[in-house]
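Have a look at the structure below before the remarks.
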Amino acid sequence: MRHGFMPPEGGTPTGAVAQVVGAPNPRASSSPDGWVSGRGEIHCRRPAVRCHRIERFPVNLRPQPAKAAYYVSDIPFDNYTGPQFLAVFTFPFPPFRPISVQQVLVTGGAGFIGSYLVEALLARGDRVTVIDDESTGQFENLRSVAGHSALTVVRGSVGDAALLHRMLEGVQVVYHLAAAVGVALIAREPLATIERNIYPTQLLLDEISARHKAGQGIRFFLASTSEVYGKNPKPVWDEEDDLVFGATTRPRWSYGASKAIDEFLTLACARQFGLPVVIARFFNVVGPRQTGAYGMVLPRFVEAALAGQPLVVHDDGRQVRCFAHVADVVGAVIQLMNSNSTLGRIFNIGSDQPISILDLANQVITLAGSPSTVQFQTYTEAYDQDFEDIRLRVPDLTRLRQAIGYVPRYNLGGIIRDCIEAQKKQPPAR
Ligand SMILES: NC(=O)c1ccc[n+]([C@@H]2O[C@H](COP(=O)([O-])OP(=O)(O)OC[C@H]3O[C@@H](n4cnc5c(N)ncnc54)[C@H](O)[C@@H]3O)[C@@H](O)[C@H]2O)c1
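Taking the numbering used here, I'd label the letters of the sequence shown as residues 255 to 684.
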């Protein structure tokens, strides 16, 4: 399938020019992100790329002058540091419009990942409704798109059947991200985790399935998690691997088990009613806007490093994780939902570049130029004596690569730098 942007009705695409900055051929009309056809159409290779209009450039575009220019990438122009290729397309006509517009519902859209997803969907021209109860997210996360004419936000719970019924009217795509998230939150509130992760998903799927049977075509995306693999001892996890949970006396497994139930429910609707669904298991998604309040490690480290305080590392710090930038993850999610070959399937999404938590802490300290030190803390001190951790968590991304040609834009250094820069811009906590 080809995703593209067309000049608006009546636009005369004369003299469309593309320049690839940093590429060997500075006049090339294509980049890893997209290309310009002879008819002046902008084509994006990945649907999630954002098109940022730029008034002034730090680079000398030729030929000049351009009446309008677009930087086509999912990395905000302000954050572009290279050396990855970047396409700047110049056009002598007003903003282009996406070829097809969809009516989308995003649950948990005021959360960390949800807010990036909403931005990306709006950028490609979809009409988006967000439902969020602000239990762990906040509508402030949608500041950059507040007041957007294609965005509707509703403060409410996915567990509210009447509200859900109203909100699904006319919807063609549902991204279900609302959930209780975070190891610390789960250790503190196991009951709420189970309730929040199972009942609303069932309600949502019941409503969608009923509409599907009545002829309203709706695609459903479920945000699942690497936690469903539990403590499977394999060094790399693929989507067909067993789920290996610990004892039910250890509340931490309730998160993975509740998300596994969500997966079973979703797949059951696909099998029984032919509902078009896609499930993604996220592996440590990070980036600006993520809060450390619920136990997420990178924002905690960045905050501590910038404040010159110790970085608290649990246990011996030799637990291994892989960190992916939220912009890469959201791009992959949208691509998966735009394909028919992905329906009814489960995909790992994340990075497959492992790092120990201790090395991560040291890298954050170095990149922040911080005088901070590392301080070790036992799991019992951090959570309670029942806590059990996963030592190694690395995804097999073969299926994702085969499905959408997934190539992440950010490496770990770029991710940490992005988080540090964003955190520096935050107003100091009072
Ligand atoms: N961040 C990660 O690394 C990661 C890893 C694995 C899976 N996930 C999954 O991705 C999804 C998004 O996670 P996130 O990191 O953005 O967390 P988040 O806490 O920032 O986002 C979750 C959002 O859902 C909202 N919410 C929760 N219950 C709700 C309800 N009943 N009704 C309405 N809104 C509700 C919260 O207020 C929040 O805005 C979750 O489903 C999570 O399980 C995330």
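Even for Gly, the Cβ is constructed at its ideal location relative to N, Cα and C.
As the structure is a prediction and not an experimental result, all values here were calculated from the model.
For this session: Assign Leu431 to one of three DSSP states: helix, strand, or coil.
Result: In the displayed model, Leu431 falls within coil according to three-state DSSP, outside both helix and strand.
Problem set entry | Alpha carbon of Gly362 to alpha carbon of Glu394, nearest angstrom | Rounded to whole angstroms, Gly362 to Glu394 spans 13 Å at the Cα level.
Exercise. At a cut of 8 Å, does the segment 571-585 reach the segment 659-672 through at least three beta carbon pairs?
Worked result: Short answer: they touch.
Exercise. Val661: which of Asp386, Tyr429, Pro625 and Val583 sits nearest, CA to CA?
Worked result: For the residues Asp386, Tyr429, Pro625 and Val583, the minimum Cα distance to Val661 belongs to Val583.
For this session: Assess, as a yes-or-no matter, whether the segment 395-407 is touched by the segment 511-522 under the definition of 3 or more beta carbon pairs within less than 8 Å.
Result: Touching, no, given that fewer than three Cβ pairs across the two stretches are closer than 8 Å.
Exercise. What are the boundary residues of the beta strand (DSSP E) that includes Arg409?
Worked result: Here the beta strand (DSSP E) through Arg409 covers Leu405 to Arg409.
Exercise. Does the beta carbon of Val531 fall short of 8 Å from some heavy atom of ligand 1?
Worked result: For Val531, the shortest separation between its Cβ and any heavy atom of ligand 1 does not lie below 8 Å.
Problem set entry | Buried or exposed (CB count within 10 angstroms, at least 16 for buried), Ala499 | Per the sequence shown, residue 499 should be read as Phe rather than Ala. Buried.
Problem set entry | Segments assigned alpha helix (DSSP H), at least 4 residues, entirely inside the segment 585-654 | Here the runs fully enclosed are 611-622 and 633-636.
Exercise. Can you list, in chain order, the residues of its chain whose CB lies under 7 Å from that of Gly413, leaving out five sequence neighbours each side?
Worked result: Close CB contacts of Gly413 within its chain, under the 7 Å cut and outside five residues either way in sequence, are with Tyr453, Pro454 and Leu457 (chain order).
Problem set entry | Ile196 Cβ short of 8 Å to ligand 1 heavy atom set | No statement about residue 196 is possible, as the shown extent of the chain runs from 255 to 684 and does not include it.
Exercise. What is the residue span of the alpha helix (DSSP H) that Ile674 lies within?
Worked result: The continuous alpha helix (DSSP H) containing Ile674 extends over residues Leu666 to Lys679.
For this session: With DSSP as the reference, label Val583 as helix, strand or coil.
Result: Reduced to three states, the DSSP call for Val583 is helix.
For this session: Could you give the DSSP three-state label for Leu497: helix, strand or coil?
Result: It is coil, neither helix nor strand.
For this session: Leaving aside the five residues before and after Val382 along the sequence, list all residues of the same chain whose C-beta is less than 7 Å from its C-beta, in chain order.
Result: The residues Val358, Val360, Val372, Leu375, Leu376, Ala404 and Leu405, in chain order, have a CB closer than 7 Å to that of Val382 in the same chain once the five nearest residues on each side in sequence are set aside.
Exercise. With burial defined as no fewer than 16 other Cβ atoms inside 10 Å of the residue's Cβ, what is the status of Asn594: buried or exposed?
Worked result: The residue is exposed, with fewer than 16 neighbouring Cβ atoms inside 10 Å.
Exercise. Count the other CB atoms within 10 Å of the CB of His568; is the residue buried (16 or more) or exposed (fewer)?
Worked result: With a 10 Å radius around the Cβ and a threshold of 16 neighbouring Cβ atoms, His568 comes out buried.
For this session: With DSSP as the reference, please indicate the residues paired to Cys523 in a beta bridge.
Result: BP columns for Cys523 are empty, so no partner.
For this session: Indicate, with yes or no, if ligand 1 has a heavy atom lying under 8 Å from the CB of Lys513.
Result: For Lys513, the distance from the CB to the nearest heavy atom of ligand 1 is below 8 Å.
Problem set entry | Nearest-angstrom Cα separation, counted from Asp640 out to Gly528 | C-alpha separation (whole angstroms): 41 Å.
For this session: Say whether the segment 538-556 touches the segment 430-442, bearing in mind that this needs 3 or more beta-carbon pairs closer than 8 Å, one atom from each stretch.
Result: Segment contact: the segment 538-556 against the segment 430-442, three or more CB-CB distances shorter than 8 Å; contact assigned.
Exercise. Which residues in the same chain as Arg310 place their Cβ atom closer than 8 Å to its Cβ, once the five residues preceding and following it in sequence are excluded?
Worked result: Note that Arg310 scores a pLDDT of 37, beneath 50, so its modelled location is shaky; the value from the coordinates is reported in the next line. Its chain contains no residue whose beta carbon lies nearer than 8 Å to that of Arg310 once the 5 sequence neighbours on both sides are disregarded.
Exercise. Does DSSP put Val290 in a helix, in a strand, or in coil?
Worked result: Low per-residue confidence applies at Val290: pLDDT is 45, beneath 50, and the placement is therefore not dependable, though the value from the model is reported in the following sentence. Correct three-state label for Val290: strand.
For this session: My understanding is that Phe366 touches His430, with C-beta atoms under 8 Å, so please give their C-beta distance in whole angstroms.
Result: Contact doesn't hold; Cβ gap of about 15 Å is too wide.
Exercise. With burial defined as no fewer than 16 other Cβ atoms inside 10 Å of the residue's Cβ, what is the status of Asp380: buried or exposed?
Worked result: Asp380 should be labelled buried.
For this session: Going by CA-CA distance only, name the one from Gln573, Gly541, Met591 and Arg378 that's closest to Ala676.
Result: The option with the nearest alpha carbon to Ala676 is Gly541.
Exercise. The beta strand (DSSP E) with Gln357 in it runs from where to where?
Worked result: That run of the beta strand (DSSP E) goes Gln357 to Thr361.
Exercise. Taking one C-beta from the segment 485-498 and one from the segment 412-427 each time, how about it: are there three or more such pairs within less than 8 Å?
Worked result: Too few Cβ pairs lie closer than 8 Å, so no.
For this session: State yes or no: is the C-beta of Leu590 within less than 9 Å of the C-beta of Ala524?
Result: Taking the C-beta atoms as reference points, Ala524 is found no nearer than 9 Å to Leu590.
Exercise. What is the rounded straight-line gap between the Cα of His466 and the Cα of Arg655?
Worked result: Put simply, the backbone Cα of His466 is about 30 Å away from that of Arg655.
Problem set entry | Where Leu540 falls: helix, strand or coil (DSSP) | For the record, residue 540 in the displayed sequence is Val; it is not Leu. Of the three classes helix, strand and coil, the one that applies to Val540 here is strand, per DSSP.
Problem set entry | Cβ distance (whole Å) where Ile533 is taken to contact Ser463 below 8 Å | Between Ser463 and Ile533 the Cβ distance is about 16 Å, and since that is not below 8 Å, they are no contact.
Exercise. Which of helix, strand or coil does DSSP assign to Ser369?
Worked result: Correct three-state label for Ser369: helix.
Problem set entry | Cα-Cα separation between Pro553 and Lys678, rounded to whole angstroms | Rounded to the nearest angstrom, the gap between the Cα atoms of Pro553 and Lys678 is 12 Å.
For this session: Since I believe Leu621 is in contact with Gly667 (beta carbons under 8 Å), could you give me their beta-carbon distance rounded to a whole number of angstroms?
Result: Rounded, the Cβ-Cβ distance is 7 Å, consistent with contact.
Exercise. Do you know whose CA, among Arg506, Lys485, Gln544 and Asn592, lies nearest Val574's CA?
Worked result: It is Lys485 whose Cα lies nearest to the Cα of Val574.
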